[in-house]
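To start, the structure under review is shown below, and the notes come after it.
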Amino acid sequence: MWSSTLVDDDVLLAGMVEDALAEGGYTVRVANTAVDGQKLINTNSYDLAVLDWDLPDGSGVNILAAHRSAGGGTPVILLTGHSSIADKELGLDSGANDYLTKPFHMTELSARIRAVLRTAASRSAAPRALGSGNEDLLRQGNLLGTRLASSYEFLQLLGEGGMAQVFKARHPYLQRLVAIKMLRPTNIHEHSIVQFQKEALALSRLEHLYIVNVYDFGLTENRRPFMVMEFIEGKNLDEVIEEQDFMPLRPALDLLIQAANGLAYAHENGILHGDVKSSNIMLKQVEGGKQIAKLLDFGLAKLSEPDKSENTTCRTLGSPPYISPEQADCRPSDERSDIYSFGCVIFELVTGYLPFVADTPTEMLAKHISAVPFSLQQVRPGVAYPERLQMLITKTLEKDPARRYQSMRELKQELSELAAEL
Ligand SMILES: Nc1ncnc2c1ncn2[C@@H]1O[C@H](COP(=O)(O)OP(=O)(O)O)[C@@H](O)[C@H]1O
Ligand SMILES: [Mg+2]
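This is the structure we're talking about:
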């Protein structure tokens, strides 16, 4: 059964058109005013809308133009007493699929409805969004009318940063929850697309318990890249730290060992994360109330094969509170840079503070380059930390990469030995 909406203030005509639509196999929702019509067309997905041009409180052409500019793809037939060529041009240019001048014969309307339907079906260019009541979400993601929105039911916006939007969605047949990450509509340019592709490629090469799984990658009809990932039910590590102030050593070490394991695996497979920080680690809820660490956001990943686009310009990478001195200073970086940033996460998780404070990002970079980090005792004088933990942190936060742990595997081993001593 096809669905349609009809917006017409002429009750008699509306009744006749409604009958014609019903005969054509459509269910029909009728509105008699522009305000109601606008609401109907924008909050439901229809296979067809029939709009009257002149309405007591507005115009069908305006409804249509607003629908199209919001990305709406509903096929529309305009009914009108306006018969000049200029009016027809305006109606069609506003996005109407067909235009019928009053008075018209019902047989003609029925034939035109069938024609519009055939074109829409053969194009299948306006795939119907799955789910209902999520049009606002789709609009926010500029996803109305895309095949992606007809393949997954979009449920929620999980996160939105400067670069990307991440949605929670469900696959209708597999009943599987996924996270779909997309570049923001305002952030589509060559560099960001290349980097986004690199993120997906990096993740697809990594299959590990402590790294988010990627299932698919593609481009929408409006050429926005997207990535479909495993949905992680849980919180970001930074949220957990904020809620708990800081984490007791034993559970903290368990999670840090897992994350170090994931990073060691990535490094051993030639992939540097480039943006290690607590908001890029999630704690996934698993059975028995337990949690496991999952690394995500390989948005600044570097792949080990030579890449001509890199190192030609100095672009400060990473996030100022966690950035390594060499990244902050625009020098070449390797896995020891991730080790430094991970050191900042260790410090933050066990104390609730970062190893440096600064008023501005620039000052923060300068501190990473040349200031001495806080000690655990300085920020948490009331807590007794093992001496070996302080030594471990000091070594990860060395300014000179050569003085740090030389591999994530080595750091992971040290964390495990420390945990065994507790
Ligand atoms: N697979 C996922 N499952 C659940 N939530 C996710 C997933 N991926 C990302 N998120 C949420 O979206 C936020 C932003 O995602 P992220 O990949 O870090 O993008 P950005 O590059 O914008 O920081 C994350 O901090 C997390 O809260
Ligand atoms: Mg992130």
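Residue numbers (my numbering): 1 to 422.
Virtual Cβ for every residue (Gly too), placed ideally from N, Cα, C.
Roughly how many angstroms lie between the CA atoms of residue i and residue j, to the nearest whole one?
i, j, result
"D334", "F226", "28 Å"
"A31", "Q291", "51 Å"
"S45", "L148", "15 Å"
"M364", "V345", "15 Å"
"T312", "Q327", "Its pLDDT being 46, under 50, T312 is placed unreliably by the model, and nothing is read from it."
"H105", "V76", "18 Å"
"N222", "Y215", "21 Å"
"F246", "A293", "16 Å"
"P172", "R128", "13 Å"
"K399", "D136", "48 Å"
"A65", "E233", "40 Å"
"V166", "G15", "45 Å"
"L51", "G24", "17 Å"
"S337", "D359", "23 Å"
"L143", "G161", "18 Å"
"F231", "G159", "13 Å"
"E89", "L209", "59 Å"
"A179", "I41", "28 Å"
"E330", "Y405", "At residue 330 the sequence reads Cys, which differs from the Glu that was named. Distance between the alpha carbons of C330 and Y405: 21 Å."
"L13", "G145", "30 Å"
"A204", "K367", "Strictly speaking, residue 204 in this sequence is Ser, with Ala absent from that position. Their backbone Cα atoms lie some 35 Å apart in a straight line."
"L157", "R139", "12 Å"
"K39", "I188", "31 Å"
"Q285", "L206", "21 Å"
"H67", "G73", "8 Å"
"N269", "F196", "19 Å"
"I339", "P386", "20 Å"
Tell me which same chain residues have a C-beta within less than 7 Å of the C-beta of residue i, skipping the five on either side of it?
i, result
"S69", "none"
"Q301", "At residue 301 the sequence reads Ala, which differs from the Gln that was named. Result list for A301: K198, E199, A202, I271, L272, H273, G274, in chain order."
"P355", "C344, F347, P373, F374, L397"
"S3", "Y26, T27, Y46, D47"
"G218", "F226"
"L253", "L415, L418, A419"
"Q258", "Y210, I292, A293"
"A384", "none"
"P320", "P361, M364, L365"
Could you check whether the Cβ of residue i sits closer than 8 Å to any Cβ belonging to chain B?
i, result
"W53", "Judged by its chain identifiers, the structure shown contains no chain B, having just a single protein chain."
In the structure shown, what three-state DSSP assignment does residue i receive?
i, result
"T360", "coil"
"V166", "strand"
"K302", "strand"
"K284", "strand"
"L411", "helix"
"V276", "coil"
"D54", "strand"
"Q406", "coil"
"Q291", "strand"
"A129", "coil"
"G141", "coil"
"S69", "helix"
"F196", "helix"
"Q377", "helix"
"K181", "strand"
"K308", "Caution is warranted here: a pLDDT of 49 is assigned to K308, below 50, making its placement in the model unreliable, and no coordinate value can be reported."
"G352", "coil"
"L442", "The displayed coordinates of the chain run from 1 to 422. Any statement about residue 442 would go beyond what the structure contains."
"Q175", "coil"
"L397", "coil"
For residue i, write down the residues that DSSP places opposite it in a beta bridge.
i, result
"R29", "T5"
"S59", "D54"
"G159", "V166"
"I211", "L295"
Looking only at its chain, what residues have a beta carbon closer than 8 Å to the beta carbon of residue i, apart from the 5 residues adjacent to it on each side?
i, result
"R250", "A419, L422"
"V240", "M247, L283"
"K308", "Residue placement at K308 is flagged as unreliable, the pLDDT there being 49, under the threshold of 50; the coordinate-derived value follows with that caveat. Result list for K308: empty, nothing under 8 Å."
"L349", "L237, I241, F246, M247, A252, L255, L256, S278"
"A20", "M106, L109, S110, I113"
"I193", "L183, P225"
"T80", "D52, W53, D54, G60, D87, G91, Y99, L100, T101, K102"
Which same chain residues, not among the five before or five after residue i, have their C-beta less than 6 Å away from its C-beta?
i, result
"Y322", "K277, S341, C344"
"G264", "Per the sequence shown, the amino acid found at residue 264 is Ala instead of Gly. Cβ within range, chain order: M408, R409, K412."
"T186", "none"
"G460", "Here the chain comprises residues numbered 1 to 422, so residue 460 is not present and cannot be evaluated."
"R388", "L418"
query = In the region 73-107, which residue ranges form an unbroken beta strand (DSSP E) of at least 3 residues, counting only runs that do not cross its ends?
reply = 76-80, 98-101
key: Inside the region 213-274 only - alpha helix (DSSP H) runs reaching at least 4 residues   = 237-244, 249-268
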